[in-house]
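Chemist: In the order they appear, the protein sequences are chains A and B. Throughout the first sequence, residue numbering follows the numbering used here, covering 1 to 261 in sequence. Throughout the second sequence, residue numbering follows the numbering used here, covering 262 to 359 in sequence. Glycine residues also receive a C-beta, built at the ideal position from the N, C-alpha and C atoms.
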Amino acid sequence: MTAPIAPTVTDTAALAGYLIGLGDDALVLSHRLAEWITRAPQLEEDIALANISLDLLGQARTLLAHAGEVEGRGRSEDDLAYLRSERELRNLQIVEIGNGDFAVTIARQLIFSAYQYELYAALLGSADERLAALAAKAVKEVAYHRDHAIAWTLRLGDGTALSHGRMQAALEATWPYVEEIFDPSDIADQLAALPGIAVDPATLRPAWTQCVRPVLTEATLTEPQPNRRSRGGRRGLHTEYLGHLLAEMQSLHRAHPGVSW
Amino acid sequence: MTGGERRGWPLWEVFVRARRGLSHLHVGSLHAPDAAMALRNARDVYTRRGEGVSIWVVPAAAITASSPDEKDPFFDPALDKIYRHPSFYDVPDGVSHL
């Protein structure tokens, strides 16, 4: 009896871990943006942020459901979203930091959507078919998220003295979380195990810079040079913000397991 | 944001074309600081469920509208001019689509 040699044996643990990282990014940022609902400066902006939040929630569902199937331990998308504790989440820290004022939210959107756009564009060619299909759908959504963030960055940065000051302060507050996004060291094992499937975030940095830098220049803003940087989100190390977010996001499911409506 | 700043955002009227070949139809209005943002807001507010393939936004201030006070002189004279309706022609048999 000869066992057939599978052409590509995918490391399922690595793939599940990679998908969970991307799914957690979308899930946590989705929740953060949902926190703006009824609090945005304008009705129209309220709806815009809610739309972006829902796009991200859809991406999170696809990624986490796929991760659960790949993992093969019977965990559903809900189990992964609602029944993991803080140290088990694998999102980048930038998506969990507090909303701050509107400028901070826009700065975070600019940083993250410009990264996520390049990520999904690169994942279009992923050898994992479901991941490539998700990327094809999501890249159009994120193109709009990025467009929305750029439009606001330009208006706030090149607006009044007050809006310029707050937008610059927002960049200072969010830039320490940029390095971590492109740092592959925490997922080096996954990247090594998933050639042709996963994307090394470091390769996305030049395109990200090419997108973001001209926006800051046109918005008369200065790119911060932070003297600290975040690290460790992909290893389950998080800021003090995430626990509070999870407490709110997971409370319903934990109080009423399996609830649906 | 204070009420004063909110009042500073002009009103825009939104027109959406549902499909190629149809006209843009007025669907509502919204506030936005400028035309580009009005277009984005219109996309978010009025085309969330696949309602459109094209959007126009027009500053509400740019629309000249007929006044309700002018309703009688504007529209009533047309009500009794039945000869303006093309219903006085004999249509030959065999012409199915006219």
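#1: With 9 Å as the threshold, decide whether the Cβ of Leu158 (chain A) is near any Cβ in chain B.
#2: For Trp317 (chain B), would you say it is in contact with chain A, using Cβ-to-Cβ distances shorter than 9 Å as the test?
#3: Between Ala48 (chain A) and chain B, is any beta-carbon pair separated by less than 9 Å?
#4: Check distances from the C-beta atoms of the region 130–160 of chain A to those of chain B and list, in chain order, the residues that come in under 7 Å.
#5: I'd like the ranges of any alpha helix (DSSP H) spanning at least 4 consecutive residues and lying wholly in the region 273–353 of chain B.
#6: Just to confirm my understanding: we take Trp364 (chain B), look at its own chain, exclude 5 residues before and 5 after, and list those with CB closer than 8 Å. What are they?
#7: Using the Cα positions of Tyr117 (chain A) and Asp25 (chain A), report the straight-line distance between them to the nearest angstrom.
#8: Can you have a look at Tyr82 (chain A) and say buried or exposed, based on whether 16 or more other CB atoms are within 10 angstroms of its CB?
#9: Which residue's Cα is closest to the Cα of Ala207 (chain A): A:Leu92, A:Thr12, A:Gly98 and A:Leu119?
#10: From the beta carbon of Pro294 (chain B), is the nearest beta carbon of chain A less than 9 Å away?
#11: Do Arg146 (chain A) and Gly236 (chain A) have their C-beta atoms within less than 9 Å of each other?
#12: Do you know how far the Cα of Trp152 (chain A) is from the Cα of Leu221 (chain A)?
#13: Less than 8 Å between the CB atoms is what I'm expecting for Ala173 (chain A) and Val215 (chain A), so what's the real figure, rounded?
#14: Using alpha carbons as the reference points, say which of A:Ser126, A:Tyr144, A:Leu252 and A:Gln225 lies closest to His48 (chain A).
#15: Compile a chain-ordered list of the residues in the region 277–291 of chain B whose CB is closer than 8 Å to at least one CB of chain A.
#16: Could you compute how far the alpha carbon of Pro7 (chain A) sits from the alpha carbon of Ala255 (chain A)?
#17: At which residues does the alpha helix (DSSP H) containing Ala13 (chain A) begin and terminate?
#18: So with Cβ pairs under 9 Å, would you call Ala326 (chain B) a contact of chain A?
#19: I'd like the span of the alpha helix (DSSP H) that includes Val278 (chain A), first residue to last.
#20: Contact between the region 179–188 of chain A and the region 324–342 of chain B is defined here as three or more beta-carbon pairs at a separation below 8 Å; is this criterion met?
#21: Would you kindly check if the distance between the Cβ of Tyr241 (chain A) and the Cβ of Ile20 (chain A) is under 9 Å?
#22: From which residue to which residue does the alpha helix (DSSP H) around Glu223 (chain A) run?
#23: Among A:Asp46, A:Ala16 and A:Gln42, which has the Cα closest to the Cα of Gly74 (chain A)?
#24: Going along the chain, which residues of its own chain have a beta-carbon closer than 8 Å to the beta-carbon of Val314 (chain B), five neighbours each way excluded?
#25: Using a Cβ-Cβ cut-off of 7 Å (strictly less than) and excluding sequence neighbours within five positions of Val142 (chain A), which residues of its own chain qualify?
#26: Under a CB-based cut-off of 9 Å, is Gly265 (chain B) close to chain A?
#27: Keeping to the same chain, check which residues put their C-beta closer than 7 Å to that of Ile5 (chain A); ignore five residues upstream and five downstream.
Modeler: Let me spell this out:
#1: Translated into positions along the first sequence, residue 158 (chain A) becomes position 158. At residue 158 (chain A) the sequence reads Asp, which differs from the Leu that was named. No - not a single Cβ of chain B is within 9 Å of the one on Asp158 (chain A).
#2: As a first step, residue 317 (chain B) is located in the second sequence; it is residue number 56 there, counting from the start. So, not an interface residue.
#3: In the first sequence, residue 48 (chain A) corresponds to position 48, counting from 1. Contact with chain B is found for Ala48 (chain A), since one of that chain's Cβ atoms lies less than 9 Å from the residue's Cβ.
#4: Legend: CB atoms of the region 130–160 of chain A lying less than 7 Å from CB atoms of chain B belong to residues His148, Ala151 and Arg155.
#5: For the alpha helix (DSSP H) assignment, the uninterrupted runs of no fewer than 4 residues enclosed by the region 273–353 of chain B are, from N- to C-terminal side, 296–307 and 332–336.
#6: Any answer about residue 364 (chain B) is impossible in this case: the structure gives chain B only from 262 up to 359.
#7: Within the first sequence, numbered from 1, the residue matching residue 117 (chain A) stands at position 117. Within the first sequence, numbered from 1, the residue matching residue 25 (chain A) stands at position 25. Using only the alpha carbons, I get a separation of about 13 Å.
#8: Indexing the first sequence from 1 puts residue 82 (chain A) at position 82. That one is buried.
#9: Position 207 of the first sequence, counting from 1, holds the residue named residue 207 (chain A). Of the listed residues, the one whose Cα sits closest to Ala207 (chain A) is A:Leu119.
#10: Looking up residue 294 (chain B) in the second sequence gives position 33. Closer than 9 Å: yes.
#11: Position 146 of the first sequence, counted from the start, is the residue given in the question as residue 146 (chain A). Position 236 of the first sequence, counted from the start, is the residue given in the question as residue 236 (chain A). Note that the C-beta distance between Arg146 (chain A) and Gly236 (chain A) is not below 9 Å.
#12: Along the first sequence, one-based indexing puts residue 221 (chain A) at 221. Along the first sequence, one-based indexing puts residue 152 (chain A) at 152. One C-alpha to the other measures close to 13 Å.
#13: In the first sequence, counting from the first residue as 1, residue 173 (chain A) sits at position 173. In the first sequence, counting from the first residue as 1, residue 215 (chain A) sits at position 215. The distance from the Cβ of Ala173 (chain A) to that of Val215 (chain A) is about 17 Å, inconsistent with a contact at the 8 Å cut-off.
#14: Along the first sequence, read from residue 1 onward, the residue named residue 48 (chain A) stands at position 48. Note that residue 48 (chain A) is Ala in the sequence shown, not His. Of the listed residues, the one whose Cα sits closest to Ala48 (chain A) is A:Tyr144.
#15: Within the region 277–291 of chain B, the residues whose Cβ lies closer than 8 Å to some Cβ of chain A are Leu291, listed in chain order.
#16: As a first step, residue 7 (chain A) is located in the first sequence; it is residue number 7 there, counting from the start. As a first step, residue 255 (chain A) is located in the first sequence; it is residue number 255 there, counting from the start. The pLDDT assigned to Pro7 (chain A) is 45, lower than 50, so where the model puts this residue is not dependable; a value taken from the coordinates is nonetheless given after this. CA-to-CA, the gap between Pro7 (chain A) and Ala255 (chain A) works out to about 46 Å.
#17: Position 13 of the first sequence, counted from the start, is the residue given in the question as residue 13 (chain A). Ala13 (chain A): member of the alpha helix (DSSP H) spanning Thr12 to Ala34, first to last residue.
#18: As a first step, residue 326 (chain B) is located in the second sequence; it is residue number 65 there, counting from the start. The beta-carbon of Ala326 (chain B) is placed no less than 9 Å from the nearest beta-carbon of chain A.
#19: In this structure chain A extends from 1 to 261, so residue 278 (chain A) is not present and cannot be described.
#20: No, they do not touch.
#21: Indexing the first sequence from 1 puts residue 20 (chain A) at position 20. Indexing the first sequence from 1 puts residue 241 (chain A) at position 241. At the C-beta level, Ile20 (chain A) and Tyr241 (chain A) stay beyond 9 Å of one another.
#22: Against the first sequence, residue 223 (chain A) aligns to sequence position 223. Premise fails: Glu223 (chain A) is in no alpha helix (DSSP H) and is neither H nor E.
#23: Taking the first sequence and counting its residues from 1, one reaches residue 74 (chain A) at position 74. For Gly74 (chain A), the nearest C-alpha among the options comes from A:Ala16.
#24: Counting from 1 along the second sequence, the entry for residue 314 (chain B) is found at position 53. Sequence-distant Cβ neighbours of Val314 (chain B) in its own chain, meaning closer than 8 Å and more than five residues away, are Arg278, Ala279, Arg280 and Arg281.
#25: For the purposes of this step, residue 142 (chain A) is taken as residue 142 along the first sequence, with counting starting at 1. Cβ neighbours of Val142 (chain A) beyond the five flanking positions: Ser113, Gln116, Tyr117 and Tyr120.
#26: Position 4 of the second sequence, counted from the start, is the residue given in the question as residue 265 (chain B). Residue confidence for Gly265 (chain B) is low, a pLDDT of 42 falling below 50, so the modelled location carries little weight and cannot support an answer.
#27: Within the first sequence, the letter at position 5 stands for residue 5 (chain A). The predicted position of Ile5 (chain A) is uncertain, since its pLDDT is 48 and thus under 50; a value taken from the coordinates is nonetheless stated next. Excluding five sequence positions before and after Ile5 (chain A), none of the CB atoms of its chain fall closer than 7 Å to its own CB.
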